[in-house]
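Quick notes on the structure that follows.
Protein chains: 2
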Amino acid sequence: MTAHTPVDTFSFTLSATDGAARTGFVSTPRGAIRTPAFMPVGTAATVKGLYFDQVKQTGADIVLANTYHLMLRPGAERIAKLGGLHSFMRWDGPILTDSGGFQVMSLSSLRKMSEQGVTFRSHVDGAYFEMSPERSVEIQGLLGADIQMQLDECVRLPCTDEEAARAMRLSLRWAERSKRAFEAQPKGRALFGIVQGGAVPALRVESARALADMDFPGYSIGGLAVGEPQEVMLAMIETVEPHLPVNKPRYLMGVGTPDDLLESVARGIDMFDCVMPTRSGRHALAFTRFGRINLKNARHADDPRPLDEESDCPALRDYSRAYLHHLVRCEEMLGSMLLTWANVHYYEQLMAGARAAIAEGRYADYMAQVKDGWARGDIPVWAG
Amino acid sequence: MTAHTPVDTFSFTLSATDGAARTGFVSTPRGAIRTPAFMPVGTAATVKGLYFDQVKQTGADIVLANTYHLMLRPGAERIAKLGGLHSFMRWDGPILTDSGGFQVMSLSSLRKMSEQGVTFRSHVDGAYFEMSPERSVEIQGLLGADIQMQLDECVRLPCTDEEAARAMRLSLRWAERSKRAFEAQPKGRALFGIVQGGAVPALRVESARALADMDFPGYSIGGLAVGEPQEVMLAMIETVEPHLPVNKPRYLMGVGTPDDLLESVARGIDMFDCVMPTRSGRHALAFTRFGRINLKNARHADDPRPLDEESDCPALRDYSRAYLHHLVRCEEMLGSMLLTWANVHYYEQLMAGARAAIAEGRYADYMAQVKDGWARGDIPVWAG
Chain A
1 MTAHTPVDTF
11 SFTLSATDGA
21 ARTGFVSTPR
31 GAIRTPAFMP
41 VGTAATVKGL
51 YFDQVKQTGA
61 DIVLANTYHL
71 MLRPGAERIA
81 KLGGLHSFMR
91 WDGPILTDSG
101 GFQVMSLSSL
111 RKMSEQGVTF
121 RSHVDGAYFE
131 MSPERSVEIQ
141 GLLGADIQMQ
151 LDECVRLPCT
161 DEEAARAMRL
171 SLRWAERSKR
181 AFEAQPKGRA
191 LFGIVQGGAV
201 PALRVESARA
211 LADMDFPGYS
221 IGGLAVGEPQ
231 EVMLAMIETV
241 EPHLPVNKPR
251 YLMGVGTPDD
261 LLESVARGID
271 MFDCVMPTRS
281 GRHALAFTRF
291 GRINLKNARH
301 ADDPRPLDEE
311 SDCPALRDYS
321 RAYLHHLVRC
331 EEMLGSMLLT
341 WANVHYYEQL
351 MAGARAAIAE
361 GRYADYMAQV
371 KDGWARGDIP
381 VWAG
Chain B
1 MTAHTPVDTF
11 SFTLSATDGA
21 ARTGFVSTPR
31 GAIRTPAFMP
41 VGTAATVKGL
51 YFDQVKQTGA
61 DIVLANTYHL
71 MLRPGAERIA
81 KLGGLHSFMR
91 WDGPILTDSG
101 GFQVMSLSSL
111 RKMSEQGVTF
121 RSHVDGAYFE
131 MSPERSVEIQ
141 GLLGADIQMQ
151 LDECVRLPCT
161 DEEAARAMRL
171 SLRWAERSKR
181 AFEAQPKGRA
191 LFGIVQGGAV
201 PALRVESARA
211 LADMDFPGYS
221 IGGLAVGEPQ
231 EVMLAMIETV
241 EPHLPVNKPR
251 YLMGVGTPDD
261 LLESVARGID
271 MFDCVMPTRS
281 GRHALAFTRF
291 GRINLKNARH
301 ADDPRPLDEE
311 SDCPALRDYS
321 RAYLHHLVRC
331 EEMLGSMLLT
341 WANVHYYEQL
351 MAGARAAIAE
361 GRYADYMAQV
371 KDGWARGDIP
381 VWAG
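In order, the protein sequence lines correspond to chains A and B. For the first sequence, UniProt numbering assigns the number 384 to the last residue and increments by one with no breaks. For the second sequence, UniProt numbering assigns the number 384 to the last residue and increments by one with no breaks.
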């Protein structure tokens, strides 16, 4: 298999399709990313509560890190001087960074937007920062990210069509500037353009076509999973998909639930990231073959069974529900550690199953089977 | 070596002495405990921030769990029904439990002491509990602890001689009752008597002699490391030591700093427990060959070097000070996880070094050498 041969360029290979669903791999100098891929989120250079060895063992080929958080702490220039983000956090696989724009909009204060970029104050200490398309790419380059994102403006939904159009067109101009700035970076890295346009089909199509004309090595779909119903999100994917080049990876940003992932893969998405498995793990919620299980629930207090005895993840297989419930109730770190591990493992196995199913032309069956497991619900309550 | 031969009884074997310092091993059906031994504290059935696999890898042969915390949550009867503490928390080595008395005194509210025992309200939910010598031993038995402690009354220092005498004599009467209650438990477990008597030498001697007459399989020294100067603690150990049987293990409860451990080993102590390595790890403090290192300090922000490149613990060897500093500043779980791991490893290696040195008759040199490392201090600040 060529996926693991060392390469010095970035490329995408489509191995099989099944309806709109696709499987293949992205090749990077840091290693291959099997698609569809779920990227665990390592916001501040750590996937909260996990050792990177564990992240690798779950099956993750790539992790995401947040430009906004890292530019504030410890600072991009500092990480560069320390040898880059891979060595800093001890992850030698590919890393994808966002542009920082989304967190600037959601976390910082005193924002001022202009054609040039955005100025804001840090949510940590109030320090003043400037962010432009060029600076975002420069920061991502200092971090050493293998896959980088253009700076874009992500509007909140719902919004007026005019507002969606203005932000989408600004994002297109920023895409051009990002692309020029990115040319200074070493070979083998990739910059993705981001499709915007709110919930307006015509704007989404305009954005996708304009970006496709710019010939990016990959395309993100942004501005979704921001509170809209799932059917709106899926409709937007269906709208955009025909206008994206077949031979480039497609990344749906910030999505989502296991069901969102399955439905988006069915519509041609190749890459995902979301804090859901990690954040839920810190809040006592486990994602399993049997659906979501809330370990805070007192019904687990006397249950000696693991979350899933057939799993090959120790967190799912080896620890009793009674113990997990106890750890959660006592707010012990180990509870967050184990449930985060279990959830990232579940997300990665969900994608591994999707890849195998697409390759064998049975993706619809796979989706039905997985959803059937969720619908049957958790195994019966332990009677003691 | 007979230390690892399965046994069905509890015994202590002295292998070598060097001055008052001793090395040997405690045999239990769950495995051997090499002495001098440091026991990591797993208060609520978890050594905070560590997997038990890691605890084992640091060299720990035994861990401590707190009866008070476990009787409140999840409850001793519940743990017994789930198969006991070993299986509940997934640690198959020996476990030592305290009596719960110390935490009743320091954490609970509305305490009422009598000859019979103590009643109190839970600090978690205000629930009402009764604790007697018999109930403490019953709880420890339900947990399945390999080494159990008699219920005692631990007075705060300083206190009057009368108060120290009253509490010590009550503890002796409770020792008798605990011993009788313990007879119901399976073979191979051990109950330790606890020497009390405050900072009054005559009371300490009276307590030690009376307990020795009762012929316990091991002896604890309680009521120290409660705020008194180190020299008071060491003087009390020297006072008590000649009155404890040579062929029984001696456990100094709740102690202490690395220096406390070295000095106490020199005075004939075999076993220790303390929250210091774990609690300090959650507060950015690392114990190393070079003394204590506070990772919050900004001087680490650009330092690419690990805490100790010669260590065989990944937490000390593989992660840069810059990264640890960053994790601590961002209050990331992984910072606590790594520093706790590093500290428990350091404590265990300190005891491993002590065992080897005593066996070779060079314990004084070992102490001097270790203290010299601390005194030289941390390796010079990174200049960039």
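Ideal Cβ placement from N, Cα and C applies to all residues, glycine included.
message: So with CB distances below 7 Å, who are the chain B contacts of Met168(A)?
response: Chain-ordered listing is empty here: chain B has no CB closer than 7 Å to the CB of Met168(A), the nearest sitting near 34 Å.
message: Strictly under 8 Å for the Cβ-Cβ distance: is Ser311(B) near chain A by that measure?
response: no
task: Pull out every residue of the region 25-55 of chain B whose Cβ sits closer than 7 Å to any Cβ of chain A, in chain order.
output: If the cut-off is 7 Å between Cβ atoms, the region 25-55 of chain B has Ala44, Ala45, Thr46, Lys48, Gly49 near chain A.
field: N-terminal and C-terminal residue of the alpha helix (DSSP H) that Ser207(A) is part of
entry: DSSP places Ser207(A) in the uninterrupted alpha helix (DSSP H) bounded by 201-214.
- prompt: So what does DSSP say about Leu107(A), is it helix, strand or coil?
  reply: helix
message: Can you look up Gly19(A) in the DSSP assignment and give me helix, strand or coil?
response: coil
field: Cα-Cα separation between Arg30(B) and Ile95(B), rounded to whole angstroms
entry: One Cα belongs to Arg30(B), the other to Ile95(B), and the distance between them is close to 9 Å.
field: According to DSSP, residues forming a beta bridge with Ile293(A)
entry: Ala286(A)
task: Please list, in chain order, all residues of the same chain as Gly28(B) whose beta carbon is under 6 Å from its beta carbon, the five residues on each side excluded.
output: Residue identity check: residue 28(B) is Thr in the sequence provided, not Gly. Apart from sequence neighbours up to five positions away, the residues of its chain that approach Thr28(B) with a beta-carbon distance below 6 Å are Phe10, Pro94, Asp146, ordered along the chain.
- request: Answer yes or no: the CB of Arg376(A) versus the heavy atoms of the ligand SAM, is any distance below 7 Å?
  value: Ligands displayed in this structure: none; no statement on the ligand SAM is therefore possible.
- request: Could you please tell me which residues of the region 280-303 of chain B, in chain order, have their CB closer than 8 Å to any CB of chain A?
  value: Those residues of the region 280-303 of chain B that come within reach of chain A (Cβ to Cβ, closer than 8 Å) are Ala301, Asp302.
- prompt: Can you name the start and end residues of the alpha helix (DSSP H) that Ser280(B) belongs to?
  reply: 276-281
field: Ala368(A) - containing alpha helix (DSSP H), residue span
entry: 363-376
- prompt: Is any beta-carbon of chain A found at less than 8 Å from that of Leu82(B)?
  reply: By this cut-off, Leu82(B) is an interface position.
- request: Find out if the Cβ-Cβ distance for the pair Ala301(B), His325(B) is shorter than 8 Å.
  value: yes
- prompt: Got a sec, what are the start and stop residues for the alpha helix (DSSP H) Ala76(B) sits in?
  reply: Run containing Ala76(B): 76-81, per the alpha helix (DSSP H) assignment.
- request: Taking all protein chains shown into account, decide if Thr46(B) is buried (16 or more other Cβ within 10 angstroms of its Cβ) or exposed.
  value: buried
query: Where does the unbroken alpha helix (DSSP H) through Asp161(B) begin, and where does it stop?
result: Bounds of the alpha helix (DSSP H) holding Asp161(B) are 161-182.
task: With DSSP as the reference, label Ala116(A) as helix, strand or coil.
output: For clarity, residue 116(A) is Gln in the given sequence; the question names Ala instead. Coil.
message: Strictly under 8 Å for the Cβ-Cβ distance: is Ser106(A) near chain B by that measure?
response: No, Ser106(A) does not count as interfacial toward chain B.
query: Which term fits Arg156(B), buried or exposed, when burial requires 16 or more other beta carbons within 10 angstroms of its beta carbon?
result: exposed
query: What are the complete beta strand (DSSP E) segments, minimum 3 residues, inside the region 215-264 of chain B?
result: 219-221, 250-252
task: With a cut-off of 8 Å on the beta carbons, I'd call Arg289(A) and Asp260(A) a contact; round off their distance for me.
output: With 8 Å as the limit, Arg289(A) and Asp260(A) do not qualify as a contact, their Cβ atoms being about 17 Å apart.
query: Which one or two residues does DSSP pair with Leu72(A) in a beta bridge?
result: DSSP lists no partner for Leu72(A).
- prompt: Counting Cβ pairs closer than 8 Å, one from the region 234-251 of chain B and one from the region 342-354 of chain B, do we hit at least three?
  reply: no
field: Residue closest to Val328(A), alpha-carbon to alpha-carbon, out of Lys48(B), Gln196(B), Ile33(B)
entry: It is Lys48(B) whose Cα lies nearest to the Cα of Val328(A).
message: So with CB distances below 8 Å, who are the chain A contacts of His243(B)?
response: Residues of chain A with a Cβ closer than 8 Å to the Cβ of His243(B) do not exist; the shortest Cβ-Cβ separation is about 40 Å.
field: Short CB-CB distance (under 8 Å) between Ser136(A) and chain B
entry: Cβ-Cβ to chain B under 8 Å: no for Ser136(A).
- prompt: For Met99(A) versus Met149(A), is the C-beta distance shorter than 8 Å?
  reply: Contrary to the premise, residue 99(A) reads as Ser rather than Met in this sequence. For Ser99(A) and Met149(A), yes; Cβs fall inside 8 Å.
- prompt: Per DSSP, what kind of secondary structure is Glu130(B) in: helix, strand or coil?
  reply: strand
message: What does DSSP give as the partner residue(s) for Asp273(B) in the beta ladder?
response: Met39(B)
field: N-terminal and C-terminal residue of the beta strand (DSSP E) that Ile358(A) is part of
entry: First-last for Ile358(A): 333-359, but that is the alpha helix (DSSP H), not the beta strand (DSSP E).
- request: Would you mind giving the Cβ-Cβ distance between Leu143(B) and Ala65(B), rounded to the nearest angstrom? I have them listed as a contact below 8 Å.
  value: 7 Å
query: Which residues does DSSP pair with Ala32(A) in a beta bridge?
result: Ser27(A)
query: By Cβ distance below 7 Å, which residues in the same chain neighbour Ser108(B) in space, the five residues on each side in sequence not counted?
result: Phe120, Arg121, Ser122, His123
query: Based on the DSSP secondary-structure assignment, which residues constitute the bridge partners of Glu148(A)?
result: Per the sequence presented here, residue 148(A) reads as Gln, with Glu not at that position. Note: Gln148(A) sits in a beta bridge opposite Leu191(A).
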